[in-house]
Every structure is written in C-alpha cells, then in structure tokens.
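Numbering (the numbering used here), first residue to last: 964 to 1033.
One structure is given below, encoded as structure tokens.
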Amino acid sequence: MKQRKADEMEQYQNEKSTKYGFIFYTIALLAWSLYDFVIKGEAGWQLTILLIGCAVYFWSRVVYNRKMNS
C-alpha cells in the first residue's frame, strides 16, 4: 500500500485543524485546572499536562525552525 503525499490544500487544512485542536485543548485544560484551583485549592494534573504539551509544542517549533534555517 503506497501512501501519497498531501497536496497544498490538504497541508493547509491539516495546519488549520492542528492549530484549532491545540487551541481547544489548551483552553480546556487551562479552564479545568483553574476551576480545580478555585474549588479544591490545587491545580491538579491538568496543569502539568498543559505545561508539558506547550513545552513539546514550542520546543518542536524551535527544532523545526533551526532545521529550516540551516
């Protein structure tokens, strides 16, 4: 089974979908951790997952940016 390369329109759609998915999960985890912080007095695992996810996202941006510029 041969997999074909995505054309420009599919790449654009994938980029937009990924962006909106990342924004949704970021806002959902942030709201959930803020809610738990207000109600229970602790942020919970949600904040940890959010921070790790953001670190992975931004670190991968740095790596890909360096690959493109070198």
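Note that the Cβ used here is the ideal one computed from N, Cα and C, for glycine as well.
For C1017, the closest alpha carbon among the candidates K1030, D970, L993 is that of L993. In this chain, K968 is not harboured by any alpha helix (DSSP H), its DSSP state being neither H nor E. The three-state reading of DSSP puts E1005 in coil, since its state is none of H, G, I, E or B. Contact check between the stretch 1003–1019 and the stretch 980–990: three or more CB pairs, one atom from each, fall below 8 Å, which counts as touching.
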